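Residue 1 is where the sequence shown starts when you use the numbering used here, and the numbers rise one by one after that.
Ideal Cβ placement from N, Cα and C applies to all residues, glycine included.
Bear in mind that the values here come from a model prediction, so they are computed numbers and not experimental data.
Working notes, structure below.
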Amino acid sequence: MLPDLDPSQLAYDDSRRILAACQQHPAFEVVELRRLESGGNGGQDLHVVDGIVVECCDGTVPSRNTVGVKNRERLLLLHGPWLVPPHDVRALRVNFPVTPHQNHVLPGEPASLCLYFEPWSAVERTWTAAKYLQRILWWLRETALGTLHRSDQPLERLYFVSPYQIVLPADFNERMANQSEVLRLACARSRANGTLLRGMFVSNNAGKVDADDPGLDSLVVQVPPAMVTRIERYPATLGVLHDQLAARGSGFIASLVDTVKKAVPSAGLPIHNPKVQHTLLLLRLPLIRTEGATPERTDVTGFIVHHTNLASLGIACDAAFDGTDGKAYANNVTILGATVTVTPAADAWRNLTVEPVDVRVAFTHVDARKASGISDEGAEFQGVLAGVGALGSCMADLWSRTGWGHWTYVDDDLLQAHNLVRHIAKDWQIGWAKVDAVAQLAELTWPTGPKQTAISAKVTDFGNDEVKKAIASAGLLVDATTTLEVPRDLSDRDDSPRMASTFFTPSGRDSVLLLEDASRKVRLHSIEAQYYRAILNSGWGESHLNGHHGAYWVGGGCRDLSGVLSQDVVQLHGSTLARQVRLLTAKPEAQIRVWSLDDETGALTGEVVPVVEPKKGKLGEWRVLWDEGLADKLKRIRAESRPIE
1 MLPDLDPSQL AYDDSRRILA ACQQHPAFEV VELRRLESGG NGGQDLHVVD
51 GIVVECCDGT VPSRNTVGVK NRERLLLLHG PWLVPPHDVR ALRVNFPVTP
101 HQNHVLPGEP ASLCLYFEPW SAVERTWTAA KYLQRILWWL RETALGTLHR
151 SDQPLERLYF VSPYQIVLPA DFNERMANQS EVLRLACARS RANGTLLRGM
201 FVSNNAGKVD ADDPGLDSLV VQVPPAMVTR IERYPATLGV LHDQLAARGS
251 GFIASLVDTV KKAVPSAGLP IHNPKVQHTL LLLRLPLIRT EGATPERTDV
301 TGFIVHHTNL ASLGIACDAA FDGTDGKAYA NNVTILGATV TVTPAADAWR
351 NLTVEPVDVR VAFTHVDARK ASGISDEGAE FQGVLAGVGA LGSCMADLWS
401 RTGWGHWTYV DDDLLQAHNL VRHIAKDWQI GWAKVDAVAQ LAELTWPTGP
451 KQTAISAKVT DFGNDEVKKA IASAGLLVDA TTTLEVPRDL SDRDDSPRMA
501 STFFTPSGRD SVLLLEDASR KVRLHSIEAQ YYRAILNSGW GESHLNGHHG
551 AYWVGGGCRD LSGVLSQDVV QLHGSTLARQ VRLLTAKPEA QIRVWSLDDE
601 TGALTGEVVP VVEPKKGKLG EWRVLWDEGL ADKLKRIRAE SRPIE
């Protein structure tokens with residue numbers, strides 16, 4: 001504690017600004033100044049943190065509120081560049097309530113108020129000492145009123161979020177019941193200082209990869225449902241963890257003992273394993289709102305049990321015993337015909353130190369749609385994407401990442417070296433069928449999601465059973481082959497699903513979407529003809545089919561020629577087409593859409609061409625196709641050309 005309130009005793013300018021703001025604000029009364037020091041070796045690496053102790057009361061916190069925040073609270077305002085973030089507010093009252101939006105602190109430390117939803121990098125740009133004090137008052141008031149979280153929001157987590165993180169596979173809950181698999185941990189990092197762990201299921205007999213092994217045993221414990229009334233601080237020991245769960249109608253130790261017994265193999269576990277120093281406990285915790293209610297969800301909470309491997313943990317909780325041969329064996333196992341029962345080690349497990357781990361679960365397709373703002377309604381359909389070249393692979397990647405549709409990719413082409421300029425595939429996939437390359441990249445993005453199907457064939461190969469089955473089961477077929485025969489041949493068939501055709505113009509400046517109506521009364525072959533008529537009769541059509549940017553040879557054959565087109569243009573038009581296909585297929589009408597890029601301004605101009613009803617008739621053995629637009633034009637020409645009599 002510093003001797004007086006002289007601001008010159010504070011080490012940092014921001015601290016002095018906060019002190020001045022407190023002295024000017026009627027809701028804050030400065031009590032004392034503090035100076036916290038850590039580190040320092042002969043004056044080197046000394047970390048200094050300024051502290052300002054205040055009494056805070058502005059009259060907006062209701063008296064006797066159910067949360068337990070008082071209308072007068074003593075706070076410690078900490079500031080120092082060594083803090084992350086550099087400002088920290090501590091509630092000095094010993095029995096300050098545990099509430100939402102508090103930061104994790106070490107056992108015995110005062111509660112830390114989490115003032116901001118945004119990261120400090122965003123907050124600091126507009127931060128001032130006066131706004132800082134107002135934010136503190138806002139936190140106290142809203143917390144006391146219970147309005148930081150609305151009552152209709154999902155249940156809070158039982159524990160605060162930890163700074164340490166593990167990511168579990170999206171199908172974690174489903175695969176936990178598979179006895180032939182085990183959860184394996186690996187460090188996920190591209191640099192030596194990575195701290196994120198990935199959990200993955202592998203076969204029981206799969207070996208560990210030493211380079212990625214974090215040195216942790218893992219144990220998943222299913223505990224009884226817990227009633228959530230408020231958020232808990234993280235426990236410091238397993239004993240405190242058990243007591244917290246028991247107070248909410250759940251429990252821990254019985255489930256732990258049972259799980260450890262099942263996890264210890266009959267051959268035993270080494271008690272002293274230099275490669276395994278700690279144990280990661282993953283608690284599957286069903287959360288209920290009231291006693292006896294159906295769980296609303298199941299959270300997975302993680303704790304690292306320090307300096308305790310699975311064998312030592314089993315011995316400490318009496319789930320295993322020391323076999324005096326360097327191994328631990330499951331308690332109450334049969335050895336040489338005799339049943340061994342070991343006296344419990346007097347609650348040794350209760351004192352084992354634990355550290356919290358923030359457990360997250362990888363995204364599913366449903367999560368991807370939610371994050372992308374896409375409704376689940378109409379998103380779970382079977383689709384065929386014909387052609388996965390530059391444009392097709394771009395759209396396939398976007399639809400896969402956003403979880404829109406379950407796709408079958410159909411293309412008979414192989415990935416060539418020059419394709420990498422505009423294709424989403426990677427160098428190591430050169431020589432693959434393009435459909436296999438695209439399908440594998442989709443699986444790498446969502447390894448636990450539904451697998452996309454790959455058919456290496458022409459989509460017009462009607463003798464191919466795979467192609468026929470894919471088309472028959474599809475609700476939408478998107479043509480990105482940039483050929484004439486695919487939209488014409490397929491749209492003429494009554495057994496084809498609703499079809500869309502997407503392509504670039506030769507210059508890459510324009511892109512086009514042709515879409516049949518939901519009932520397929522207007523087929524692509526008719527829409528294509530109407531598109532050509534619009535080119536001839538519209539102002540935008542004058543430059544629509546202007547020449548390309550040239551070509552280059554990619555081999556020695558006559559057909560080894562590729563066009564010049566940059567990937568940014570592919571991505572620009574591919575993104576537009578992918579989005580518009582998704583949006584417009586939700587409507588029943590047929591569509592003709594054209595987008596033109598202005599290279600000078602970067603503007604993308606859209607044109608909507610009206611689609612008219614097609615007509616057909618027979619003339620001898622000929623089938624004649626036309627549409628109302630052509631009929632109206634002929635009538636207009638005839639009317640304008642009548643002789644004046």
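First through last residue of the beta strand (DSSP E) which encompasses His87: Stepping through the sequence shown from its first residue, residue 87 is reached at position 87. His87 to Ala91 is the extent of the beta strand (DSSP E) around His87.
Spatial neighbours of Ala338 in its chain, beta-carbon cut-off 8 Å, leaving aside the 5 residues before and after: As a first step, residue 338 must be located in the sequence shown, where it is residue number 338. Model confidence at Ala338 stands at a pLDDT of 40, short of 50, so the residue's coordinates are unreliable; what they give is reported in the following sentence. Excluding sequence neighbours, Ala338 sits near nothing in its chain.
Interface flag, Asp412 vs chain D, CB-CB below 9 Å: No chain D is present in this structure, which holds just one protein chain.
Complete runs of the beta strand (DSSP E) confined to the stretch 473-509 [at least 3 residues]: 476-479 and 498-504
Inter-residue Cα distance where the pair is Lys635 and Glu542: Here residue 635 refers to the residue found at position 635 of the sequence shown. Here residue 542 refers to the residue found at position 542 of the sequence shown. Rounded to the nearest angstrom, the two C-alpha atoms are 25 Å apart.
Strand pairing of His278, partner residues [DSSP]: Here residue 278 refers to the residue found at position 278 of the sequence shown. The partner list for His278 (beta bridge, DSSP) reads Leu216.
At least 3 beta-carbon pairs within less than 8 Å: the stretch 389-398 vs the stretch 578-585: yes
Residue of Trp428, Arg360, Val361 and Val459 minimising C-alpha distance to Thr408: Stepping through the sequence shown from its first residue, residue 408 is reached at position 408. If we check each option's Cα against that of Thr408, Val459 comes out closest.
Reference Glu613; option with closest CA among Gln24, Phe117 and Leu524: Locating residue 613 in the sequence shown gives position 613, where the first residue counts as 1. Closest by alpha carbon: Leu524.
Bridge partners - His47, DSSP secondary structure assignment: Reading the sequence shown from its first residue, position 47 is the one you call residue 47. Note: His47 sits in a beta bridge opposite Ser38.
The stretch 477-492 touching the stretch 428-438, judged by at least three CB pairs closer than 8 Å: no
Nearest neighbour of Gln134, chosen from Val240, Ala186, Pro62 and Ile18 [CA to CA]: Along the sequence shown, read from residue 1 onward, the residue named residue 134 stands at position 134. Considering only alpha carbons, the answer is Ile18.
Length of the line joining the Cα atoms of His104 and Gly302: Position 104 of the sequence shown, counted from the start, is the residue given in the question as residue 104. Position 302 of the sequence shown, counted from the start, is the residue given in the question as residue 302. Each residue's alpha carbon lies about 14 Å from the other.
Alpha-carbon to alpha-carbon, Leu46 and Glu37: Sequence index remark: in the sequence shown, residue 37 carries index 37 (1-based). Sequence index remark: in the sequence shown, residue 46 carries index 46 (1-based). Approximately 7 Å, taken between the alpha carbons.
Proximal residues to Leu92 (C-beta, below 6 Å), its chain only, five neighbours per side dropped: By 1-based counting over the sequence shown, the position of residue 92 is 92. Correct list, in chain order: Arg74, Leu76 and Pro110.
Distance CB(Leu280)-CB(Leu219) smaller than 9 Å: Residue 280 sits at position 280 when you count from the first residue of the sequence shown. Residue 219 sits at position 219 when you count from the first residue of the sequence shown. For Leu280 and Leu219, yes; Cβs fall inside 9 Å.
Residue range of the alpha helix (DSSP H) that includes Gln429: Here the question's residue 429 lines up with position 429 in the sequence shown. Gln429 -> no alpha helix (DSSP H), and no H or E assigned at all.
Unbroken stretches of the alpha helix (DSSP H), 4 residues or longer, contained in the stretch 90-151: 120-123 and 129-145
For Arg198, the first and last residue of its enclosing beta strand (DSSP E): By 1-based counting over the sequence shown, the position of residue 198 is 198. Element bounds for Arg198: Leu196 to Ser203.
Whole-number beta carbon distance between Asp171 and Thr402, since they are thought to touch under 8 Å: The residue labelled residue 402 in the question sits at position 402 within the sequence shown. The residue labelled residue 171 in the question sits at position 171 within the sequence shown. With 8 Å as the limit, Thr402 and Asp171 do not qualify as a contact, their Cβ atoms being about 19 Å apart.
Backbone secondary structure at Asp367 - three-state DSSP: The residue you call residue 367 lines up with position 367 of the sequence shown. Asp367 falls in the helix class under three-state DSSP.
Between the CA atoms of Ser507 and Leu158 - distance to the nearest angstrom: Position 158 of the sequence shown, counting from 1, holds the residue named residue 158. Position 507 of the sequence shown, counting from 1, holds the residue named residue 507. In this predicted model, Leu158 has a pLDDT of only 48, less than 50, meaning its place in the structure is not dependable; the value taken from the coordinates is given anyway. Each residue's alpha carbon lies about 58 Å from the other.
Range of the contiguous beta strand (DSSP E) that encloses Phe462: Mapped onto the sequence shown, residue 462 falls at position 462. Note, Phe462: premise wrong, no beta strand (DSSP E); not H, not E.
Ala188 - DSSP class collapsed to helix/strand/coil: To locate residue 188, count along the sequence shown from 1; it is residue 188. If DSSP states are grouped into helix, strand and coil, Ala188 belongs with the strands.
Cut-off 8 Å between Cβ atoms - residues of its own chain near Ala425, not counting five sequence neighbours on either side: Along the sequence shown, one-based indexing puts residue 425 at 425. Taken in chain order, the residues that qualify are Ser393, Leu415, Asn419, Trp432, Lys434, Ala437, Val438 and Leu441.
Own chain partners of Arg34 with C-beta closer than 6 Å, once the 5 adjacent residues on each side are dropped: Here residue 34 refers to the residue found at position 34 when the sequence shown is read from its first residue. Met1 and Gly51, listed in sequence order.
Neighbour-count burial assignment, Ile637, 16 or more Cβ in a 10 Å radius: Counting from one through the sequence shown, the residue named residue 637 turns up at place 637. Label assigned to Ile637: exposed.
Reference Arg350, options Asp243, Leu238, Ser456 and Trp82, closest by Cα: Position 350 of the sequence shown, counted from the start, is the residue given in the question as residue 350. The shortest Cα separation from Arg350 among Asp243, Leu238, Ser456 and Trp82 belongs to Leu238.
Beta-bridge partners of Phe303, as assigned by DSSP: Sequence index remark: in the sequence shown, residue 303 carries index 303 (1-based). Leu281 and Pro356, per the DSSP bridge assignment.
Helix, strand or coil at Met176 [DSSP, three-state]: For the purposes of this step, residue 176 is identified with residue 176 of the sequence shown, where counting begins at 1. Three-state DSSP puts Met176 in coil, outside helix and strand.
CB of Arg498 within 9 Å of CB of Glu516, strictly: Here residue 498 refers to the residue found at position 498 when the sequence shown is read from its first residue. Here residue 516 refers to the residue found at position 516 when the sequence shown is read from its first residue. Result yes, Cβ atoms of Arg498 and Glu516 sit closer than 9 Å.
Reduced DSSP secondary structure (H/G/I, E/B, other) of Gln382: Counting from 1 along the sequence shown, the entry for residue 382 is found at position 382. Gln382: strand per DSSP, three-state reduction.
Touching by the beta-carbon criterion (3+ pairs, under 8 Å), the stretch 366-385 and the stretch 268-279: no
Ordered list of beta strand (DSSP E) runs contained in the stretch 382-441, each at least 3 residues: 382-386 and 406-410
Beta-ladder partner(s) of Trp626, from DSSP: Mapped onto the sequence shown, residue 626 falls at position 626. DSSP output for Trp626 lists Lys615 as bridge partner(s).
Of the residues Cys56, Trp82, Asp376 and Leu398, the one placed nearest Leu385, counting alpha carbons only: As a first step, residue 385 is located in the sequence shown; it is residue number 385 there, counting from the start. Considering only alpha carbons, the answer is Leu398.
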